[in-house]
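Student:
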Amino acid sequence: MVDDEKGLELKHVILNGDGTYPEKMILEIICEKYNDNEKIILYPRTGIKKQSGVSALNSIKTLVDRRYCNFIFIVDGEHIEEDPKSEINRKLSSIGIDCGDEIIPLQDAFLIKCRSGPHEFYLYCIIWGSDACIEEEVKRFIELKVNVKINVPRGTKDASWRNALKQEIRSIINKRELKRQLSEANTRILETSFPNICAVLKYVERNFHFSQIN
């Protein structure tokens, strides 16, 4: 996974809203497990305004015009208010993108084929966390890999709940140690902890779309 184009023939672009840590670190490490030299994945750092939730999809039309045709959209569960497929489909329609009827399930992630003007493209959609956020998956990873129990805050899974869970995680493991544990983890633990992103990357590995579609 790379931050910028650097003259490479890029194949997949990650749309991750305004998420930075731990999202980007987790993505980088998991991508290394599935990504070979031909499957370049771009994590844009310039030229795209970062937006949260489904608003991150606003950049797709610009990127499609630049001839990208594979996108991996990742969003925290807290930003999804209804059925993810319906909400994402409605957002895409609102910005002039047509979605096909076929939806391929990949764990709780899914793949849809879309069209923007003359361009067809593939959109992989991943919801971080079982209910609310990526920290739920980080919690599961730490308990599996480090064998340390993390206390889950009580109450509604809102912003305060997420912040409390973040603090609980940080009291157990710092950023450097989390990175080390992620790097050392085998694919079984990663796939159990982060099932949706792993399911998507496994699908990309098996069914890679080499050609751009016009």
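Under the numbering used here, the first residue of the sequence shown carries the number 116, and numbering increases by one thereafter.
All residues carry an ideal CB built from backbone N, CA and C; glycine is no exception.
(1) Go ahead and label V263 buried or exposed: buried means 16 or more other beta carbons lie within 10 angstroms of its beta carbon, across all protein chains shown.
(2) Within 10 angstroms of the Cβ of Y136, are there 16 or more other Cβ atoms? Answer buried if so, exposed if not.
(3) Taking E258 and L280 to be in contact with their CB atoms under 8 Å, please state how far apart those CB atoms are, rounded to whole angstroms.
(4) Does the beta carbon of S174 fall short of 7 Å from some heavy atom of the ligand GTP?
(5) For R285, which of A300, S208, V267 has the nearest alpha-carbon?
(6) Going by the CB atoms, is the gap between F186 and Y149 shorter than 8 Å?
(7) Which residue marks the beginning of the alpha helix (DSSP H) containing N185, and which one marks its end?
(8) What are the boundary residues of the beta strand (DSSP E) that includes S231?
(9) Count the other C-beta atoms from every protein chain shown that fall within 10 angstroms of the C-beta of I210, then say buried if there are 16 or more, exposed otherwise.
(10) Under 7 Å Cβ to Cβ from P199, same chain only, skipping five residues before and after it: list those, please.
(11) For K206 and M140, I'd like the C-alpha separation in whole angstroms.
(12) Rounded to whole angstroms, what is the Cα-Cα separation between G270 and C248?
(13) Within the same chain, show all residues whose beta-carbon is closer than 7 Å to that of K260, passing over the 5 residues directly before and after it, in chain order.
(14) Determine contact between the region 305 to 320 and the region 213 to 229, defined as no fewer than three beta-carbon pairs at a distance below 8 Å.
Tutor: In brief:
(1) One-based indexing of the sequence shown puts residue 263 at position 148. It counts as exposed.
(2) Along the sequence shown, one-based indexing puts residue 136 at 21. Result: exposed.
(3) Position 143 of the sequence shown, counted from the start, is the residue given in the question as residue 258. Position 165 of the sequence shown, counted from the start, is the residue given in the question as residue 280. Not really, about 13 Å apart at Cβ, beyond 8 Å.
(4) Looking at this structure, you won't find the ligand GTP or any other ligand, since it has none at all.
(5) Reading the sequence shown from its first residue, position 170 is the one you call residue 285. Comparing Cα-Cα distances from R285 to each of A300, S208, V267, the minimum goes to V267.
(6) In the sequence shown, residue 149 corresponds to position 34, counting from 1. In the sequence shown, residue 186 corresponds to position 71, counting from 1. No; because the gap between Cβ atoms is not below 8 Å, this pair is not in contact.
(7) Indexing the sequence shown from 1 puts residue 185 at position 70. Unbroken run through N185 is the beta strand (DSSP E), 185 to 191; no alpha helix (DSSP H).
(8) For this step, residue 231 is matched to residue 116 along the sequence shown. Note, S231: beta strand (DSSP E), 224 to 231.
(9) Translated into the one-based positions of the sequence shown, residue 210 becomes position 95. Its Cβ having fewer than 16 others within 10 Å, I210 is exposed.
(10) Sequence index remark: in the sequence shown, residue 199 carries index 84 (1-based). Once the five neighbours on either side are set aside, the close Cβ partners of P199 are C240, I242.
(11) Here residue 206 refers to the residue found at position 91 of the sequence shown. Here residue 140 refers to the residue found at position 25 of the sequence shown. For K206 and M140, the distance between alpha carbons rounds to 27 Å.
(12) Working through the sequence shown from its first residue, we reach residue 270 at position 155. Working through the sequence shown from its first residue, we reach residue 248 at position 133. Cα to Cα, G270 sits roughly 15 Å from C248.
(13) Here residue 260 refers to the residue found at position 145 when the sequence shown is read from its first residue. Within the same chain, K260 has close Cβ partners Q296, A300, I304.
(14) yes
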